[in-house]
Amino acid sequence: MTHAQFETAPLPVDEVLAGNGTASDYFALLKPRVMALVVFTAFAGLLVAPEPMHPWMGFMTLLAIALGAGASGALNMWFDVDIDALMKRTAARPLPRGAIQPGEALGFGVTLAVASVLTLGLVANYLAAAILAFTIFFYVVVYTMWLKRWTAQNIVIGGAAGALPPVIASTAATGAIDLPALSLFLIIFLWTPPHFWALALLRADDYARAKVPMLPVTAGEGETRRQILFYSVLLVLSSLAPLLLGIAGWIYLIASLALGARFLERAWRTYRHRQGEPARKSAASLFAFSILYLFALFAALVVERLFALSVFPSLIG
Amino acid sequence: MAQDPPIRELTREELAVRRRRSIVLALILAAFVVLFFITTMVRLGGNVAERAL
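Read top to bottom, the protein sequences are chains A and B. In terms of my numbering, the first sequence opens at residue -9 and continues consecutively. In terms of my numbering, the second sequence opens at residue 18 and continues consecutively.
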């Protein structure tokens, strides 16, 4: 190409390299709703840490964790483009839609992952950064690339990645892995199976079409409903752990009992209703409530910790 | 010899999307510069002002 041609004509581009994704397409790659829950649970992790963290460093820690969660989401969508295209729930994601090319999503995800780990290492400590790196690795490689397409226990084991943010945040504050943060890990870990299996009951056809071995596909809906109930009981019991560790008080006690009773009631209805519309409705109701449950439970803990740390009195006074 | 990959010119809409994307990216990078500047200041704390001359 001559210099004159270069000046007079727009630069020809390779089709493969012509990414047309908008900024909002890239934002969708971060799985913003998952990211919001990750940041919120990490915030709770910061507040239960035995040592307080400088507010600005706490903010930067949450930002790094959010970036890491976004990186995990982008890399998950990069690898899962084939099955996302087959499922109604995910067919409109930027990659199956063709708005973003796989190479672009891979580059975006890897860049964010490296940036998030380096940021956390710089603003907090290397142990927290190492756990964040492990979390991204676990979600992308162990869960997405391996477990998801191989075993019905995919979301049980893979749930560890989603449960680690409070541990990362607490470790950023103290430089060590502490029991209070591990109690929050346990709650999220046990919350994941009933949450995702309620969704899987509603989308079993989708998962079967994509050949993803979710429990309703491999073991049937009856077994899934039984295991949902089993994990729901464990979840509600585990929600009492912060009380036993002395990091929560009356507000959390009332919230955990009220929310736990509601969760068990919905899990029981999901277990009992096995046919037709009542079965679908009970699973949908459990799925919707499970999101509210985790948010409300952690909100109760956050409010109580903020009171305990005397943030509210100082803000008011 | 391998064939050249297919080439085409970007449409006006694609150029507009690319431009908006570039602006958002620039703003995010600028925000990170500010965030790391503040972080550095917080880290250094009063040590700069109170250092022995």
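Positions of the beta carbon are idealized from the N, C-alpha and C atoms, including for glycine.
- Not flagged as an interface residue toward chain A: B:Leu61, since no C-beta distance is shorter than 9 Å.
- Taking the Cα of A:Ala286 as reference, the smallest distance to any Cα among A:Gly250, A:Thr260, A:Arg256, A:Leu296 is reached at A:Gly250.
- Counting every other CB atom within 10 Å of its CB across the protein chains shown gives A:Gly93 a total below 16, marking it as exposed.
- Residue contact check for B:Val50 against chain A: no CB pair falls below 9 Å.
- Rounded to whole angstroms, A:Met67 and A:Leu227 show a C-alpha spacing of 34 Å.
- Excluding the 5 residues flanking it on each side, A:Leu235 has same chain C-beta neighbours closer than 8 Å at Leu169, Pro170, Ser173, in chain order.
- The stretch 259 to 300 of chain A is shown to contain whole alpha helix (DSSP H) runs of 4 or more residues at 266 to 298, in chain order.
- Contact note: A:Ala273 does not reach chain B at a C-beta cutoff of 7 Å; the least C-beta distance is about 39 Å.
- Sorting A:Met135, A:Ala194, A:Leu110, A:Ala153 by C-alpha distance to the C-alpha of A:Met77 places A:Ala194 at the top.
- Note that the C-beta distance between A:Phe98 and A:Ala120 is not below 9 Å.
- Straight-line measurement puts the Cα of A:Leu247 at about 13 Å from the Cα of A:Leu291.
- A Cβ-Cβ distance of about 5 Å is found for the pair A:Leu122 and A:Ile158, placing them in contact under the 8 Å criterion.
- Contact between A:Lys138 and A:Val202 holds, with the beta-carbon distance rounding to 6 Å and staying under 8 Å.
- Of the candidates A:Phe17, A:His185, A:Ser106, A:Glu41, the residue whose Cα lies closest to the Cα of A:Ala163 is A:Glu41.
- Distances from the CA of A:Ala231 to each of A:Phe288, A:Ala209, A:Arg259 were compared; the closest alpha carbon is that of A:Phe288.
- For the stretch 30 to 42 of chain B, the beta-carbon criterion of a distance under 9 Å to any beta-carbon of chain A is satisfied by Glu30, Glu31, Leu32, Val34, Arg35, Arg37, Arg38, Ile40, Val41, Leu42.
- At a cut-off of 4 residues, the continuous stretches assigned as alpha helix (DSSP H) that sit fully inside the stretch 41 to 93 of chain A are 45 to 69, 71 to 74, 84 to 87.
- At a cut-off of 9 Å between beta carbons, A:Thr164 makes no contact with chain B.
- A:Gly11 places its beta carbon 9 Å or farther from that of B:Arg36.
- The beta-carbon of A:Asn10 is placed less than 9 Å from the nearest beta-carbon of chain B.
- For the stretch 103 to 134 of chain A, residues whose beta-carbon sits nearer than 9 Å to a beta-carbon of chain B comprise Ala105, Thr109, Leu112, Val113.
- A distance below 7 Å between beta-carbons, with the five flanking residues on each side excluded, links A:Tyr221 to the following residues of its chain, in chain order: Leu180, Pro183, Pro184.
- By the Cβ-count criterion, A:Val207 is buried, with 16 or more other Cβ atoms from all chains shown falling within 10 Å of its own Cβ.
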